[in-house]
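Heads up, the thing below is written out as structure tokens.
Residue numbers (the working numbering): 17 to 389.
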């Protein structure tokens with residue numbers, strides 16, 4: 017991946033900006049502490065009437081002045097711009113200090129390298145390193161040309177060893193500056209590449225999380241629709257599997273088919289009692305011919321149906337009773353009075369119609385229910 021592509025993909029988050037501003041603030045504090053000895057030297061020069069006293073004090077307090085401006089710009093959100101300007105200010109101050117501190121061959125010119133390292137660590141931008149390198153090369157290179165053209169006492173003394181030796185020292189320093197720049201730049205580019213890959217992975221993870229959330233919402237909506245459809249299908253199945261069929265006036269038929277579990281049994285009782293009330297039924301035929309099996313639970317349900325129907329004034333006729341059903345009903349040891357049973361549905365129909373006609377003759381139909389005494 018090219019550097020331009022990395023820079024295009026790499027974006028600073030709010031957390032990264034805050035961390036960068038904190039590094040700049042720390043850098044300002046370190047520079048302020050580093051300038052303390054320089055200021056003390058300037059004060060000492062002033063007290064001893066040193067010829068460089070004014071220049072030293074101007075540079076020292078000039079740095080403090082810019083550090084104040086630097087901090088002000090940082091607080092206003094211009095920390096990066098102030099850092100770029102600071103590179104110019106610090107390179108100029110270093111160049112002047114090296115000039116009056118012995119010249120370009122002395123060891124203290126290594127402070128140029130600190131500018132490159134500091135900018136790389138603070139801003140973490142290749143362009144900032146490029147800018148710092150150019151400023152250092154121009155500052156140190158300009159100092160070399162100036163001092164070779166107008167040598168100071170130190171340069172004159174060192175020239176006794178040969179001008180080639182001085183030029184070699186200058187070249188070594190320039191190569192050191194370039195080497196430091198290359199190393200820092202590679203480190204920054206590698207770090208940005210890693211951060212860019214991390215940001216891409218995080219963005220992909222967030223995208224997948226959003227897609228998963230959308231998919232989950234769709235699944236929940238589909239589940240709700242499926243539950244609604246399932247409830248409607250259950251109602252339809254119950255209506256088909258537990259049909260309450262009016263036969264004659266006062267007679268209804270409830271055929272049971274298949275298996276009768278607890279949920280279906282509860283719905284059957286509710287549907288039957290509601291149908292008795294609506295149809296004003298006097299006789300209810302419950303046909304269990306189509307049930308696959310009749311166990312104790314079903315027998316208990318049938319007895320409950322008979323008892324509840326009697327409370328509403330209806331007589332229950334249980335048709336299709338086989339040996340298994342008979343054993344289950346007897347095993348309940350319940351009161352079977354008022355529960356009529358037949359082996360065939362035809363017999364139950366004849367019994368119900370005959371009973372209804374007798375009841376109708378003895379108890380004419382009124383607006384309410386008629387209860388058999």
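Glycine included, each C-beta is placed from N, C-alpha and C at the ideal position. Just so you know, these numbers come straight off a predicted model, no measurement behind them.
For the options 33, 83, 116, the alpha carbon positioned closest to that of residue 66 is the one of 116. The C-alpha of residue 190 is placed about 13 Å away from the C-alpha of residue 148. Counting only residues of its own chain and dropping the five nearest sequence neighbours on each side, residue 44 has a CB closer than 7 Å to the CB of 83, 86, 87.
Burial state of residue 163 is buried, judged by a 10 Å Cβ sphere holding 16 or more other Cβ atoms.
Note that the C-beta distance between residue 52 and residue 72 is not below 9 Å. For secondary structure counted as the alpha helix (DSSP H) over 4 or more consecutive residues, the region 199-223 holds no complete run. Bridge pairing for residue 273: 306 [DSSP].
Beta bridge pairing from DSSP links residue 262 with 268.
Contact holds between the region 98-118 and the region 137-155, because three or more Cβ pairs, one in each stretch, are under 8 Å apart. Here residue 273 is actually not in contact with residue 368; their C-beta atoms are around 20 Å apart, not less than 8 Å. For residue 91, there is no enclosing beta strand (DSSP E); the enclosing alpha helix (DSSP H) has its first and last residue at 69-91. In the three-state DSSP reduction, residue 29 falls in the coil class, being neither helix nor strand. In the assembly as shown, residue 128 is a buried residue. Its beta-carbon has 16 or more other beta-carbons within 10 Å.
In the three-state reduction of the DSSP assignment, residue 174 falls in the helix class. Using a Cβ distance threshold of 9 Å, residue 119 and residue 64 do not count as a contacting pair. The shortest C-alpha to C-alpha distance from residue 187 to any of 176, 161, 167, 99 is the one to 161. By a beta-carbon distance limit of 8 Å, residue 314 contacts residue 344. Their separation comes to about 7 Å.
One Cα belongs to residue 141, the other to residue 235, and the distance between them is close to 46 Å. Distance from the CA of residue 328 to the CA of residue 307, rounded to the nearest whole angstrom, comes to 26 Å.
Within the same chain, Cβ atoms closer than 7 Å to the Cβ of residue 62 are found at 69, 73, the five residues on either side in sequence being excluded.
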